[in-house]
Amino acid sequence: PLGSANILMEPNDQYLCVVQDRGGSTAKDTENLFLPFDGDPRLSVILSKAFLLAEDTSIIDPTIVSQIRCR
């Protein structure tokens, strides 16, 4: 579901829980970075999840890895 920014995995539409790192980037980290979708928080979440999953073999977060392997 694109509108919710949730991730559903094939083949059975199992929900993949990916949450933002609470210690993530700050405004200072990105103050000089222009992102054309900066005014759309939902699109930012969708794109960040897409970029993360595009490199799924590099994911080291045990919570995410265990969910992906479980399917």
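Heads up, the sequence shown is in UniProt numbering, so the first residue is 1 and it goes up one at a time. Glycine included, each C-beta is placed from N, C-alpha and C at the ideal position. Note that the structure is predicted; figures quoted are calculated from it, not measured.
Beta-carbon gap between residue i and residue j smaller than 8 angstroms
| i | j | result |
| --- | --- | --- |
| F37 | L47 | yes |
| V65 | A5 | no |
| V18 | L52 | yes |
| Q67 | L8 | no |
Other residues of its chain near residue i: CB distance less than 7 angstroms, five sequence neighbours each side excluded
| i | result |
| --- | --- |
| I60 | none |
Contacts around residue i, its chain only, beta-carbon distance under 8 angstroms, and the 5 residues preceding and following it disregarded
| i | result |
| --- | --- |
| K49 | A5, I7, V18 |
Neighbourhood of residue i by C-beta, 6 angstroms cutoff - its chain only, sequence neighbours within 5 removed
| i | result |
| --- | --- |
| N12 | none |
Q: Could you name each continuous alpha helix (DSSP H) segment of 4 residues or more that falls completely within the UniProt domain "DUF7737" (2-68), going from the start of the chain to the end?
A: The qualifying runs are 27-30, 41-54.
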